[in-house]
Amino acid sequence: MKFGVLVFPGSNCDHDTYNVISEIAHQPVTFLWHDSEDLQNVDAVLVPGGFAYGDYLRTGAIARFSPVMQAVKRFADAGGIVLGICNGFQILTESGLLPGALMRNAGLKYICKQVHLRTETTNSLFTNQLTKGEVLQIPIGHMEGNYYCDAETLHQLESEDRIAFRYCTPKGEITREANPNGSLENIAGILNAGRNVLGMMPHPDRSSEKLLGSADGWKIFSSMVNALATR
Amino acid sequence: MKAHVYVTLKTSVLDPQGQTIQNALRKIGFTGVDGVRQGKYFVLSLAKGLTLEAAKAEVERVAREVLTNPVIEEYTYRIEE
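Chain order of the listed sequences is A and B. For the first sequence, this note's numbering assigns the number 1 to the initial residue and increments by one for each residue that follows. For the second sequence, this note's numbering assigns the number 1 to the initial residue and increments by one for each residue that follows.
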């Protein structure tokens, strides 16, 4: 199975993400330049972190109109697996592939630190190697990670089991103190209705090797590899 | 012809930047300001020969489809002839 990592002008986690797939997952992986609609027959698309197009106007607002995102929309609509990390999550919400929006952090500061996430669902291509309630330690690094959606959308996400991760304490409690950025209901990651698109603010690409402090993020990539192998 | 487009967060959406400005205003003694909402301001220079009606239609599309994220933001605009 082949992975594709999107590269926009301003992407800066593209190589980290590529490295996880090539060096840890040992799977074929290629970079996909923003200016082309050719996805090179990949089986999964990874939208990496960074500052696509300088985050001008709004995070993800310009990236949404890039040629590669038109191809990613068609790919996702046909059931293709798409993971958006950090800026990638922002791009996916702006593109309409995921509901809601990521606003400026409630504390108005850029936050770069380790956080804990509680696994809210194992029913997805990205979380099948996890157990429900499992706590992961994964870092965040963002200025706009404050998830917001209207009440109707939130109800839909909850009733359809589409909240993948919530910020929690090391013991897995969902508290206000464990919420780093003001996200609605401590939401850190959500799935689309088809459950083939995941967006998350924390960085599994920065936590897939013990050397980096935590290998918990690897479980998300290994879930994808597992899902693709059995598809 | 120019279009002046103002984008703000919807009133239903919390605006921490506006709140921070408001808190600062209160601290330094501006008691006459009850609330602050921060936003963005765009000036669009419109192509020559557009009718007012066509200009409005163009500006509304640009504001709706690009300048705002309708999940959290809304806009107003005025055309300067």
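The beta-carbon is built from N, C-alpha and C at its ideal position, and this holds for glycine as well.
Query raised in the report: Does the region 85–92 of chain A come close enough to the region 58–69 of chain A to have 3 or more Cβ pairs within less than 8 Å?
Result: yes
Query raised in the report: In this structure, what does DSSP give as the bridge partners for residue 7 (chain B)?
Result: B:40 and B:75
Report task. List the residues of chain A that residue 72 (chain B) touches, going by C-beta distances under 8 Å, in chain order. Result -> Ordered by position in chain A, the residues that pass the 8 Å Cβ test against residue 72 (chain B) are 101, 103 and 148.
Query raised in the report: With a cut-off of 8 Å, do at least 3 Cβ pairs link the region 4–12 of chain A to the region 30–42 of chain A?
Result: Because the criterion of three Cβ pairs below 8 Å is met, the region 4–12 of chain A and the region 30–42 of chain A touch.
Query - Minimum C-alpha distance to residue 193 (chain A) - residue among A:141, A:24, A:98 and A:40 - result: The residue with the shortest Cα to Cα distance from residue 193 (chain A) is A:98.
Query - Nearest neighbour of residue 44 (chain B), chosen from B:30, B:12, B:63 and B:29 [CA to CA] - result: B:63
Query raised in the report: Does residue 94 (chain A) have its Cβ less than 8 Å from a Cβ in chain B?
Result: yes
Query raised in the report: Taking only beta-carbon atoms, is residue 130 (chain A) less than 8 Å away from chain B?
Result: no
Query raised in the report: In the region 101–187 of chain A, which residue ranges form an unbroken beta strand (DSSP E) of at least 3 residues, counting only runs that do not cross its ends?
Result: 101–103, 111–119, 135–142, 146–148 and 163–168
Requested in this report: Using a threshold of 8 Å, state whether the C-beta atoms of residue 50 (chain A) and residue 12 (chain A) are closer than that.
Outcome: In this structure, residue 12 (chain A) lies closer than 8 Å to residue 50 (chain A) by Cβ.
**Report entry** N-terminal and C-terminal residue of the beta strand (DSSP E) that residue 44 (chain A) is part of
**Finding:** 44–47
Query raised in the report: Can you tell which of A:41, A:197 and A:138 has the C-alpha that lies nearest to the C-alpha of residue 83 (chain A)?
Result: A:197
Query raised in the report: Given that residue 106 (chain A) touches chain B, what residues does it touch there, using C-beta distances under 8 Å?
Result: 14 and 16
Query raised in the report: Buried or exposed: where does residue 3 (chain B) fall if 16 or more other Cβ atoms within 10 Å of its Cβ makes it buried?
Result: buried
Query raised in the report: Any beta-carbon of chain B closer than 8 Å to the one on residue 166 (chain A)?
Result: no
Report task. Check whether the region 216–227 of chain A touches the region 135–145 of chain A, taking contact to mean three or more Cβ pairs, one atom from each stretch, closer than 8 Å. Result -> yes
Query raised in the report: Between residue 280 (chain A) and the rest of its own chain, which residues show a CB-CB distance below 6 Å, the 5 nearest in sequence each way excluded?
Result: Summary: the structure shown does not reach residue 280 (chain A), with chain A confined to residues 1 through 231, and so no result is reported for it.
**Report entry** Burial state of residue 168 (chain A) (16 or more Cβ within 10 Å)
**Finding:** buried
Requested in this report: Would you mind telling me which residues of chain A sit closer than 8 Å to residue 76 (chain B), beta carbon to beta carbon, in chain order?
Outcome: Simply none; closest approach about 18 Å.
Query raised in the report: If you measure from the beta carbon of residue 163 (chain B) to each beta carbon in chain A, is any gap under 8 Å?
Result: Nothing in the structure corresponds to residue 163 (chain B), since chain B is present only between 1 and 81.
Query raised in the report: How about residue 20 (chain B) and residue 73 (chain B): do their beta carbons lie closer than 8 Å?
Result: no
Report task. Starting from the C-beta of residue 60 (chain B), find all residues in its chain whose C-beta is less than 8 Å away, skip the five residues before and the five after it, and write them out in chain order. Result -> 77
Query raised in the report: How long is the line joining the alpha carbons of residue 39 (chain B) and residue 6 (chain B), rounded to whole angstroms?
Result: If you take the alpha carbons of residue 39 (chain B) and residue 6 (chain B), they lie about 7 Å apart.
Query raised in the report: Residues of chain A with a CB under 8 Å from the CB of residue 31 (chain B): which are they?
Result: Within chain A, no residue comes near residue 31 (chain B); the closest Cβ sits about 24 Å away, beyond 8 Å.
Query raised in the report: What residues from chain A crowd round residue 20 (chain B), counting only those whose CB sits closer than 8 Å?
Result: Correct list: 108.
**Report entry** Cβ-based burial, residue 102 (chain A) [other Cβ within 10 Å; buried from 16]
**Finding:** buried
Query raised in the report: Which chain B residues sit within Cβ distance under 7 Å of residue 162 (chain A)?
Result: What residue 162 (chain A) touches in chain B: nothing, since even the nearest Cβ is about 16 Å away.
Query raised in the report: At which residue ranges does the region 37–100 of chain A contain complete beta strand (DSSP E) runs of 3 or more residues, listed in the order of the chain?
Result: 44–47 and 81–85
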